[in-house]
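Trainee:
Residue numbers (the numbering used here): 30 to 435.
This is the structure we're talking about:
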């Protein structure tokens, strides 16, 4: 057991209170995985927890949670509680501190998340969560209709845990998801996106299909529901990055609509822009030579090329042979100059050659970059300064070459 968590439990016990590790940390430990976080549930109220430990801060005091610093790590310590009535399918209208561990874990979502552990008493498992781990089953604690009516996000959590762990969903739990799927509309877009993202980057992203077959998917993105573009079986063919998996999921959508859909889901800029960038170039001509590879690196972004090529192969835009050749081309060209920052001259150098207007400076630098993309050996300070002078002369005589031509 984690040393910091054990110290907190024993300190609470010494003061006369019950305390246990609970939830996902217990599940992960039983499965042989290293828990990322250790959560502790206790009979002590928050004010008592804060009195017993010198380093604490409030993180959810209204719900009975105090964060305690122990052994250099942070631990959430929450008082046993019973949730009140849920009227919004998301949060309880009130929280009452409970008198026992059983009452506390009985309100939790799934049996595999409702187990507790004490360093002396061992595992406390009222709902056969350990059995469900062995059966590889996601099953609600108690009545699944009640669990999902309380918190509609739990339906997507069931899908996410199925994908993360490779578990099946219990029959009664699944029937309740199908019946209540429309209530997912009451959950915030941000929380929905978080669950969908975690599902996509799991070991079994294809299980997002469960959201589609249950009716949940149409609620988190109407575009998917209307046009039937959701495809799942190939999601695991690309690495588990948010942007790459979303691009694979949305590969039949035009980039603009994909960006709008992610904006509707309140996606952060990095996810939205990264996904759109991939989709913008998914159907570009496959580079066949060094110059065309450098142009793609310039247009799409050097950092994007490996993922873009993998996406194109998984989406069957490219053949395996063609993709392999393109990867080899990129390996040869990845350090070549393809951005203005790579040029051996700057705007000041161009100005020193007599190009003084701001607009002209930008045009001249773009021209120089185009020349360097065609021939990287030109990327020396002396050569580019000479090219700047020649560009200025051509500009003055209105014979500026087209920078888009090879």
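Don't be surprised by glycine CBs; every beta carbon is placed ideally from N, CA and C.
What alpha helix (DSSP H) runs, 4 residues minimum, are completely inside the segment 242 to 319?
Mentor: For the segment 242 to 319, whole alpha helix (DSSP H) runs of length 4 or above, ordered along the chain, are 246 to 249, 251 to 256, 271 to 278, 284 to 293 and 298 to 309.
Trainee: Where does residue 26 sit, in a helix, a strand or coil, going by DSSP?
Mentor: One cannot answer for residue 26 here, as it falls past the ends of the chain, which runs 30 to 435.
Trainee: Grab me the residues of residue 266's own chain with a C-beta within less than 6 Å of its C-beta, minus the 5 sequence neighbours each way, in chain order.
Mentor: For this step, residue 266 is matched to residue 237 along the chain shown. Closer than 6 Å at the Cβ level, and outside the excluded window around residue 266, lie 343.
Trainee: Pull up the distance between the alpha-carbon of residue 117 and that of residue 110, whole angstroms please.
Mentor: For the purposes of this step, residue 117 is identified with residue 88 of the chain shown, where counting begins at 1. For the purposes of this step, residue 110 is identified with residue 81 of the chain shown, where counting begins at 1. Model confidence at residue 117 stands at a pLDDT of 49, short of 50, so the residue's coordinates are unreliable; what they give is reported in the following sentence. Rounded to whole angstroms, residue 117 to residue 110 spans 19 Å at the Cα level.
Trainee: So, does the segment 161 to 171 touch the segment 131 to 143, judging by three or more C-beta pairs under 8 Å?
Mentor: Counting Cβ pairs under 8 Å, three or more are found: they touch.
Trainee: Here's the rule: buried if 16 or more other CB atoms are within 10 angstroms of the residue's CB, otherwise exposed. What is residue 187?
Mentor: Taking the first residue of the chain shown as position 1, residue 187 is located at position 158. By the neighbour-count rule (16 or more Cβ atoms within 10 Å), residue 187 is buried.
Trainee: In its own chain, which residues sit with a C-beta less than 6 Å from the C-beta of residue 181, not counting the 5 before and 5 after it?
Mentor: Position 152 of the chain shown holds residue 181. Result list for residue 181: 118, 212, 213, 215 and 216, in chain order.
Trainee: To which residues does DSSP link residue 334 through a beta bridge?
Mentor: The residue you call residue 334 lines up with position 305 of the chain shown. Bridge partners of residue 334: none, in fact.
Trainee: Among the candidates 270, 289, 291 and 341, whose CA atom is the shortest distance from the CA of residue 313?
Mentor: Within the chain shown, the letter at position 284 stands for residue 313. Comparing Cα-Cα distances from residue 313 to each of 270, 289, 291 and 341, the minimum goes to 341.
Trainee: Are the segment 374 to 393 and the segment 416 to 425 in contact at 8 Å, needing three or more beta carbon pairs?
Mentor: Yes, the segment 374 to 393 touches the segment 416 to 425.
Trainee: For residue 412, would you say it is in contact with chain D, using Cβ-to-Cβ distances shorter than 8 Å as the test?
Mentor: Of the protein chains in the structure, only one exists, and it is not chain D.
Trainee: Quick one: what's residue 152 bridged to in DSSP?
Mentor: For the purposes of this step, residue 152 is taken as the residue at position 123 of the chain shown. DSSP, once it has assigned bridges, lists 146 as partnering residue 152.
Trainee: Please state the DSSP three-state secondary structure of residue 129.
Mentor: As a first step, residue 129 is located in the chain shown; it is residue number 100 there, counting from the start. Here residue 129 sits in coil by DSSP.
Trainee: For residue 298, which residues of its own chain have a beta-carbon under 7 Å away from its beta-carbon, when the five flanking residues on both sides are left out?
Mentor: Translated into positions along the chain shown, residue 298 becomes position 269. Closer than 7 Å at Cβ, skipping near neighbours: no residue.
Trainee: Between the segment 38 to 50 and the segment 65 to 82, are three or more C-beta pairs nearer than 8 Å?
Mentor: Cβ pair count under 8 Å is three or more, so yes.
Trainee: Report all residues from its chain with a CB closer than 6 Å to the CB of residue 243; omit the five preceding and five following residues, and keep chain order.
Mentor: Taking the chain shown and counting its residues from 1, the one referred to as residue 243 is at position 214. Closer than 6 Å at the Cβ level, and outside the excluded window around residue 243, lie 206, 207 and 210.
Trainee: Whole-angstrom Cβ separation of residue 373 and residue 410, contact assumed at under 8 Å?
Mentor: For the purposes of this step, residue 373 is taken as the residue at position 344 of the chain shown. For the purposes of this step, residue 410 is taken as the residue at position 381 of the chain shown. At roughly 5 Å, the Cβ-Cβ gap stays under 8 Å, so residue 373 and residue 410 are in contact.
Trainee: Please confirm if the segment 343 to 362 is in contact with the segment 307 to 324, defined as three or more CB-CB distances below 8 Å between the two stretches.
Mentor: Yes, they touch.
Trainee: For residue 364, which three-state DSSP category applies?
Mentor: Here residue 364 corresponds to residue number 335 of the chain shown, with the count starting at 1. Residue 364: coil per DSSP, three-state reduction.
Trainee: Per DSSP, which one or two residues make a beta bridge with residue 99?
Mentor: Numbered from its first residue, the chain shown carries residue 99 at position 70. According to DSSP, residue 99 bridges with 102.
Trainee: Within 10 angstroms of the Cβ of residue 234, are there 16 or more other Cβ atoms? Answer buried if so, exposed if not.
Mentor: For the purposes of this step, residue 234 is identified with residue 205 of the chain shown, where counting begins at 1. So residue 234 counts as buried.
Trainee: Determine the direct distance from the alpha carbon of residue 294 to that of residue 405, and round the result to whole angstroms.
Mentor: Locating residue 405 in the chain shown gives position 376, where the first residue counts as 1. Locating residue 294 in the chain shown gives position 265, where the first residue counts as 1. One C-alpha to the other measures close to 42 Å.
Trainee: Apart from the five residues just before and just after residue 147, which ones in its own chain have a Cβ nearer than 8 Å to its Cβ?
Mentor: The residue given as residue 147 occupies position 118 in the chain shown. Excluding sequence neighbours, residue 147 sits near 38, 48, 49, 50 and 153.
Trainee: Between the Cα of residue 98 and those of 92, 108, 87 and 91, spot the shortest distance and give me the residue it belongs to.
Mentor: One-based indexing of the chain shown puts residue 98 at position 69. When only C-alpha atoms are compared, the closest one is 87.
Trainee: Just curious, the beta strand (DSSP E) that residue 89 is in, first and last residue?
Mentor: Position 60 of the chain shown holds residue 89. 85 to 89 is the span of the beta strand (DSSP E), which, as asked, contains residue 89.
Trainee: Should residue 377 go down as buried or exposed, given a rule of 16 or more other Cβ atoms within 10 Å for buried?
Mentor: Residue mapping note: residue 377 aligns to position 348 of the chain shown, counting from 1. Per the 10 Å Cβ criterion, exposed.
Trainee: Quick one: using the 10 Å Cβ neighbour count with 16 as the cut-off for buried, is residue 232 buried or exposed?
Mentor: The residue given as residue 232 occupies position 203 in the chain shown. That one is exposed.
Trainee: What distance in whole Å lies between the Cβ atoms of residue 291 and residue 336, which are believed to be in contact at a cut-off of 8 Å?
Mentor: Locating residue 336 in the chain shown gives position 307, where the first residue counts as 1. Locating residue 291 in the chain shown gives position 262, where the first residue counts as 1. In fact, because the Cβ distance is near 17 Å, the residues do not count as touching under 8 Å.
Trainee: Thinking C-alpha only, which one of 296, 155, 192 and 185 is nearest residue 219?
Mentor: Counting from one through the chain shown, the residue named residue 219 turns up at place 190. The candidate whose alpha carbon is nearest that of residue 219 is 296.
Trainee: Per DSSP, what kind of secondary structure is residue 384 in: helix, strand or coil?
Mentor: Sequence index remark: in the chain shown, residue 384 carries index 355 (1-based). Correct three-state label for residue 384: coil.
Trainee: To the nearest angstrom, how far is it from the Cα of residue 421 to the Cα of residue 236?
Mentor: Against the chain shown, residue 421 aligns to sequence position 392. Against the chain shown, residue 236 aligns to sequence position 207. Cα to Cα, residue 421 sits roughly 59 Å from residue 236.
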